[in-house]
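Scroll down for the structure; my scribbles are underneath it.
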Amino acid sequence: MVSCRGVIHGIEKGLSEDRLLESLESWNATILSACMMGETESVLITFESTHVPHNISTFSSAASCIDANLRDPMP
């Protein structure tokens, strides 16, 4: 299985993996897992794909997804 990881921002803090998986939808790749990144409003998503989708649906609205390997490191 080939997988890749992406990050979305602006999601309510403290959501469980089950709740995240219920609310996330990708048109181009299957979502394998999703978890909150600590106490932030960011979510790390693992896709069954070779490329991270540019956009996904979350709580019925669009969110930009950034390749987790390309994001800027924390200062």
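One point on numbering: in UniProt numbering, the residue at position 69 of the sequence shown is 69, and numbering is uninterrupted. Even glycine gets a Cβ: it sits at the ideal position worked out from N, Cα and C. Predicted model, so just to flag it, every value in this text is computed and none were measured.
Residue burial is scored here from C-beta neighbours: residue 6 has at least 16 other C-beta atoms within 10 angstroms and is therefore classed as buried.
Taking the CA atoms as reference points, residue 56 sits about 10 Å from residue 31. Membership of residue 48 in the beta strand (DSSP E) is indicated by the continuous run 42 to 48. Nearest neighbour of residue 18 by Cα position, chosen from 59, 11, 34, 42, turns out to be 34. Put simply, the backbone Cα of residue 20 is about 17 Å away from that of residue 52.
If one requires a minimum length of 3 residues, the beta strand (DSSP E) runs lying completely within the stretch 9 to 45 are 30 to 36, in chain order. Residue 3 sits in coil when the DSSP states are folded into three classes, being neither helix nor strand.
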